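Read in order, the letters of the sequence shown correspond to residues -27 to -1, 1 to 154 in mature numbering (1 follows the signal peptide of the UniProt record, and there is no 0).
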Amino acid sequence: MRPSLSTTNTTRVLAVVIATLLRAAHAADTPADAPADAPANTPANRGNDPFLHVSSAIVACPTPSGPVQTEQEWLADSHYRIERGNSCWIAGRCRLPNSYGYDKEIAESVTRRLNALNASLHWREKTSLWLTLQRRFIYIDGCVSPDFDKTRFVSELGETADVEKIIDRTTVLSPKLKARP
């Protein structure tokens, strides 16, 4: 059976509407401080994802690159970023329609949480850490001393409000040792 003209037109209109919405959502998700004139192959924090340097006790620790992407990587990722969390919101299990919408609030909460944890874990004296917040995940990068209780730190940090998952990408490093996982 051949589709009617009205079905074909409806399909075209729907495709145009979806494309327009995706472009608008992508434009809205591009941060104001993203380098507009940066070349497409220049890595930048195009999603304006929180990237926090929270401790500096281990001087030899290399600085991670953080949440940077080229424009091509950003565009390839844009549909995923827009969609992420919609099903949770539609089901009524999440208060925001996009998981990335939580990240700025989590950055504030995690800062308070880290201050509270330092009294018992003394993590600032034993680490050089950077946190990247993306879609309710906290990525921990950096270095920890061999005597640091990483398991407890990760567990306690995971108790921060609205955090869904912690991804530990730290390396054990001391003045006498080379970096090791």
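Ideal placement from N, C-alpha and C gives every residue a C-beta, glycine not left out.
These figures come from a predicted structure and were not determined experimentally.
Might you give, ordered along the chain, the residues of its own chain that have their beta carbon closer than 7 Å to the beta carbon of GLU78, omitting 5 neighbours on each side?
Closer than 7 Å at Cβ, skipping near neighbours: ASP135.
Report yes if the CB atom of GLY20 is closer than 8 Å to the CB atom of TYR75, and no otherwise.
Going by C-beta atoms, GLY20 is not nearer than 8 Å to TYR75.
Just the C-alpha distance for LEU59 and GLY115, rounded to the nearest angstrom, thanks.
Going by the sequence as given, residue 59 is Asn instead of Leu. If you take the alpha carbons of ASN59 and GLY115, they lie about 32 Å apart.
Under 7 Å: does the beta carbon of GLU46 sit that close to some heavy atom of the ligand ZN?
Summarising the ligand content, the structure contains no ligands, and the ligand ZN is consequently not present.
As an exercise, report each continuous beta strand (DSSP E) stretch of at least 3 residues that is fully enclosed by the region 70 to 142, in chain order.
Within the region 70 to 142, the complete beta strand (DSSP E) runs of at least 3 residues are 100 to 107 and 110 to 117.
Going by CA-CA distance only, name the one from PRO70, ILE31, TYR53 and ARG108 that's closest to CYS61.
Nearest of PRO70, ILE31, TYR53 and ARG108 to CYS61, Cα basis: PRO70.
From the DSSP secondary-structure annotation, give me the bridge partner or partners of GLN42.
Beta-bridge pairing links GLN42 to ALA17.
Buried or exposed: LYS138, going by 16 or more other Cβ atoms within 10 Å of its Cβ?
So LYS138 ends up on the exposed side.
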